[in-house]
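Engineer:
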Amino acid sequence: MIALVVVSHSEQAANGVAEVATEMGGDARIVPVGGDPDGGIGTSAPEIEDAILDAVEGPDGETADGVVVLVDLGSAVMNAELAIEMLEEDLEVVIADAPILEGTLNAAVSASSPKATLDEVLQRAEEARDYRKLD
Amino acid sequence: MVEESIQREAIEAAVHAVAERIEAEKTYLTELDSAIGDADHGANLHRGMQAVVEAIEDAEETDPAALVKLVGRTLVSEVGGAAGPLYGGSIMSASTEFAEGIDTASTVAFAEAYLAKVEDRGGATVGDKTMVDALTPAVHTYKKSIEQDELPPLAALAKAVDAAERGVAFTTPIRASKGRASYLGWRSVGHQDPGATSTLYCLEAILDVATEYLDGEIDRDATSPTVPDESAEADGSPEGEE
């Protein structure tokens, strides 16, 4: 099973992206995280690290085989990279190069299948890069 | 190499000096950041350095690599935005260069590892109007001054600080292509980069501490001739890496 972590500069935005994705990929495990250490707009590597660990462990005792991290902009990418480097356990965690909402939605649909692999979920998330909204 | 207790004392002194300088400049840094960023650089770094001061005072670690790593880890925990991973993450990563202690060679290795990590993490190179514009000339000047000109570390650091100052000045007239300021496009031209500026302040504070610990003549001009009398053996042919 593959879990997702959604990282935004705003905790509310991260929660909202997870909410929209859950509507489509209801069975996927999605952990939203956002805001800087002060509670303001920003991102925090230790909080992202905790979110990744939560995503791996899960509320139901089933350990995820891997985690795909979806990010918004700038420092969200840097802090997600740093969070992955800081993980002490050897876990399969990758960052998707995808728009956060569309990527999370795609990834959630893919990850709702318990057989989905890390590569498959990542690929589905990154397919969202090419989406156009108008013809 | 000096005793570990002296190394620890020097790290503590450097942390205090940087924290004081950032405190003194926090309003100015935030002003710079409000012109082309999100107006939090001064307050963010100040909060981070205050936490670092506390962490170092409470630290049980004595070896320099662990202490320097603690500095980085604390910044990562306390500083939001890009400054946390860029400053803190890069210090954490480069701290391993002090595994055998702090001496002239390991400071060069630390500086190079720090610059490499900042460039890698931020994806920025010289000319993008970021801290890399202050850091690159500082690190290159420090390395060259030590390894090729064989200057004492204090003199090399003084030249590096001057190089960083020139780098900061260079950020003003150029357009940002990385970081939050890049969203402003041409409107970023004419503003000094806050990250390059805070990098200079950190280096200046470290130079002040180094001056207290090491004796020597300080010449802050990065372009001034390097001890011409003693470099008679230099034949002008380039040697080793760049």
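Residue numbers (my numbering), protein chains in the order written: chain A, 86 to 220; chain B, 960 to 1201. The beta carbon of each residue, even a glycine, is placed where N, CA and C say it ideally should be. If you're wondering where the values come from, they're calculated on a predicted model, not measured in any experiment.
Give the single residue among B:1019, B:1124, B:1078 and B:1115 whose Cα lies nearest to the Cα of residue 1048 of chain B.
Structural biologist: Locating residue 1048 of chain B in the second sequence gives position 89, where the first residue counts as 1. Restricting attention to B:1019, B:1124, B:1078 and B:1115, the CA atom closest to the CA of residue 1048 of chain B is found in B:1078.
Engineer: Between which two residues does the alpha helix (DSSP H) harbouring residue 88 of chain A extend?
Structural biologist: By 1-based counting over the first sequence, the position of residue 88 of chain A is 3. Unbroken run through residue 88 of chain A is the beta strand (DSSP E), 87-93; no alpha helix (DSSP H).
Engineer: Would residue 1074 of chain B pass as a contact of residue 1126 of chain B if the rule is Cβ separation under 9 Å?
Structural biologist: For the purposes of this step, residue 1074 of chain B is taken as residue 115 along the second sequence, with counting starting at 1. For the purposes of this step, residue 1126 of chain B is taken as residue 167 along the second sequence, with counting starting at 1. Their beta carbons are not under 9 Å apart, which means residue 1074 of chain B does not touch residue 1126 of chain B by this criterion.
Engineer: Can you list, in chain order, the residues of its chain whose CB lies under 7 Å from that of residue 1162 of chain B, leaving out five sequence neighbours each side?
Structural biologist: To locate residue 1162 of chain B, count along the second sequence from 1; it is residue 203. 1097, 1119, 1120 and 1123, listed in sequence order.
Engineer: Since residue 151 of chain A sits in a beta bridge, which residues does DSSP pair it with?
Structural biologist: Working through the first sequence from its first residue, we reach residue 151 of chain A at position 66. A:87, per the DSSP bridge assignment.
Engineer: Is there a Cβ of chain C sitting closer than 9 Å to that of residue 997 of chain B, yes or no?
Structural biologist: The structure shown has no chain C; the protein chains it does contain are A and B.
Engineer: How about residue 167 of chain A: is its C-beta nearer than 9 Å to some C-beta of chain B?
Structural biologist: As a working mapping, residue 167 of chain A is identified with position 82 in the first sequence. By this cut-off, residue 167 of chain A is an interface position.
Engineer: Just to confirm my understanding: we take residue 1168 of chain B, look at its own chain, exclude 5 residues before and 5 after, and list those with CB closer than 6 Å. What are they?
Structural biologist: Taking the first residue of the second sequence as position 1, residue 1168 of chain B is located at position 209. Excluding positions up to five away in sequence, the list reads 972, 973 and 976.
Engineer: State the start and end residues of the unbroken beta strand (DSSP E) segment that holds residue 1112 of chain B.
Structural biologist: By 1-based counting over the second sequence, the position of residue 1112 of chain B is 153. Element bounds for residue 1112 of chain B: not the beta strand (DSSP E) but the alpha helix (DSSP H), 1112-1130.
Engineer: Hey, how far is the Cα of residue 186 of chain A from the Cα of residue 1148 of chain B?
Structural biologist: If you number the first sequence from 1, residue 186 of chain A lands on position 101. If you number the second sequence from 1, residue 1148 of chain B lands on position 189. Cα to Cα, residue 186 of chain A sits roughly 33 Å from residue 1148 of chain B.
Engineer: Here's the rule: buried if 16 or more other CB atoms are within 10 angstroms of the residue's CB, otherwise exposed. What is residue 1082 of chain B?
Structural biologist: Here residue 1082 of chain B refers to the residue found at position 123 when the second sequence is read from its first residue. Answer is exposed; the Cβ neighbour count stays below 16.
Engineer: Taking residue 1044 of chain B as the query, report the chain A residues whose CB atoms sit under 8 Å from its CB, ordered along the chain.
Structural biologist: Here residue 1044 of chain B is taken as the residue at index 85 of the second sequence, counted from 1. Result: 130, 160, 163, 164, 166 and 167.
Engineer: Can you tell me whether DSSP reads residue 180 of chain A as helix, strand or coil?
Structural biologist: Counting from 1 along the first sequence, the entry for residue 180 of chain A is found at position 95. In this structure, residue 180 of chain A counts as strand in the three-state DSSP scheme.
Engineer: Under 9 Å between C-beta atoms, does residue 1080 of chain B make it to chain A?
Structural biologist: Numbered from its first residue, the second sequence carries residue 1080 of chain B at position 121. Closer than 9 Å: yes.
Engineer: Beta-carbon of residue 984 of chain B versus every beta-carbon of chain A: anything under 9 Å?
Structural biologist: As a position in the second sequence, residue 984 of chain B is number 25, starting the count at 1. No, residue 984 of chain B lies away from the interface with chain A (no Cβ there is under 9 Å from its Cβ).
Engineer: Please decide whether residue 170 of chain A counts as near chain B, where near means a Cβ-Cβ distance under 9 Å.
Structural biologist: Numbered from its first residue, the first sequence carries residue 170 of chain A at position 85. Interface residue, yes.
Engineer: Can you name the residues of chain A whose CB is closer than 7 Å to the CB of residue 1041 of chain B?
Structural biologist: To locate residue 1041 of chain B, count along the second sequence from 1; it is residue 82. Going along chain A in sequence order, the residues near residue 1041 of chain B (Cβ under 7 Å) are 159, 160 and 163.
Engineer: Could you tell me whether the stretch 189-201 of chain A touches the stretch 120-130 of chain A, using the rule of 3 or more Cβ pairs below 8 Å?
Structural biologist: no
Engineer: If you measure from the beta carbon of residue 137 of chain A to each beta carbon in chain B, is any gap under 9 Å?
Structural biologist: As a first step, residue 137 of chain A must be located in the first sequence, where it is residue number 52. So no, residue 137 of chain A is outside the interface.
Engineer: Could you name the residues of chain A that residue 1139 of chain B contacts, counting a contact when the two beta carbons are closer than 7 Å?
Structural biologist: Along the second sequence, one-based indexing puts residue 1139 of chain B at 180. Near residue 1139 of chain B (Cβ distances below 7 Å), the residues of chain A are 159.
Engineer: Decide if the stretch 1087-1097 of chain B is in contact with the stretch 1057-1069 of chain B; the criterion is three or more beta carbon pairs, one per stretch, under 8 Å apart.
Structural biologist: Remark: fewer than three beta-carbon pairs, one from each stretch, lie closer than 8 Å, so the stretch 1087-1097 of chain B and the stretch 1057-1069 of chain B are not flagged as touching.
Engineer: Our contact map puts residue 177 of chain A next to residue 151 of chain A with C-beta atoms below 8 Å; I'd like the distance itself, whole angstroms only.
Structural biologist: Looking up residue 177 of chain A in the first sequence gives position 92. Looking up residue 151 of chain A in the first sequence gives position 66. With 8 Å as the limit, residue 177 of chain A and residue 151 of chain A qualify as a contact, their Cβ atoms being about 4 Å apart.
Engineer: Determine the closest residue to residue 1060 of chain B out of B:1133, B:1165 and B:967, with distance taken between C-alpha atoms.
Structural biologist: Start at 1 with the first residue of the second sequence, and residue 1060 of chain B comes out as number 101. Minimum Cα distance to residue 1060 of chain B is reached at B:967.
Engineer: Quick one: does residue 175 of chain A have its CB under 9 Å from some CB of chain B?
Structural biologist: Taking the first residue of the first sequence as position 1, residue 175 of chain A is located at position 90. No, because no Cβ of chain B sits closer than 9 Å to the Cβ of residue 175 of chain A.
Engineer: Could you pull the start and end residues of the beta strand (DSSP E) that residue 1015 of chain B belongs to?
Structural biologist: Working through the second sequence from its first residue, we reach residue 1015 of chain B at position 56. It is not in any beta strand (DSSP E) - residue 1015 of chain B instead sits in the alpha helix (DSSP H) that spans 1000-1017.
Engineer: Just to confirm, is the Cβ distance from residue 90 of chain A to residue 136 of chain A under 9 Å?
Structural biologist: Position 5 of the first sequence, counted from the start, is the residue given in the question as residue 90 of chain A. Position 51 of the first sequence, counted from the start, is the residue given in the question as residue 136 of chain A. Yes; because the gap between Cβ atoms is below 9 Å, this pair is in contact.
Engineer: Less than 9 Å separating the beta-carbons of residue 979 of chain B and residue 1011 of chain B?
Structural biologist: For this step, residue 979 of chain B is matched to residue 20 along the second sequence. For this step, residue 1011 of chain B is matched to residue 52 along the second sequence. Not in contact: residue 979 of chain B and residue 1011 of chain B (Cβ atoms no closer than 9 Å).
Engineer: Where does residue 1038 of chain B fall in DSSP's three states?
Structural biologist: Residue mapping note: residue 1038 of chain B aligns to position 79 of the second sequence, counting from 1. Looking at residue 1038 of chain B - three-state DSSP - the assignment turns out to be coil, as it is neither helix nor strand.
Engineer: Taking C-beta to C-beta, are residue 93 of chain A and residue 119 of chain A nearer than 9 Å?
Structural biologist: The residue you call residue 93 of chain A lines up with position 8 of the first sequence. The residue you call residue 119 of chain A lines up with position 34 of the first sequence. It is a contact, given that the beta carbons lie within the stated cut-off.
Engineer: For the stretch 100-124 of chain A, which segments carrying the beta strand (DSSP E) assignment without a break, of at least 3 residues, lie completely within its bounds, in sequence order?
Structural biologist: 115-119
Engineer: Among B:1054, B:1086 and B:1008, which one has its Cα closest to the Cα of residue 1071 of chain B?
Structural biologist: On the second sequence, residue 1071 of chain B is found 112 positions in, with the first residue counted as 1. Closest by alpha carbon: B:1054.
Engineer: Closer than 9 Å, CB to CB, is residue 184 of chain A near chain B or not?
Structural biologist: As a first step, residue 184 of chain A must be located in the first sequence, where it is residue number 99. No, no contact with chain B.
Engineer: If you reduce the DSSP assignment to three classes, tell me which class residue 194 of chain A lands in.
Structural biologist: As a first step, residue 194 of chain A is located in the first sequence; it is residue number 109 there, counting from the start. The answer is helix: DSSP assigns residue 194 of chain A an H, G or I state.
Engineer: DSSP three-state call for residue 977 of chain B: helix, strand or coil?
Structural biologist: Within the second sequence, residue 977 of chain B is the residue found at index 18, counting from 1. In the displayed model, residue 977 of chain B falls within a helix according to three-state DSSP.
Engineer: Out of B:960, B:1179, B:1087 and B:987, which one is the CA nearest neighbour of residue 1144 of chain B?
Structural biologist: As a first step, residue 1144 of chain B must be located in the second sequence, where it is residue number 185. Checking every option, the nearest Cα to that of residue 1144 of chain B belongs to B:1087.
Engineer: Expressed to the nearest angstrom, what Euclidean distance is found between the alpha-carbon atoms of residue 1153 of chain B and residue 110 of chain A?
Structural biologist: Stepping through the second sequence from its first residue, residue 1153 of chain B is reached at position 194. Stepping through the first sequence from its first residue, residue 110 of chain A is reached at position 25. When rounded, the distance between both Cα atoms is 42 Å.
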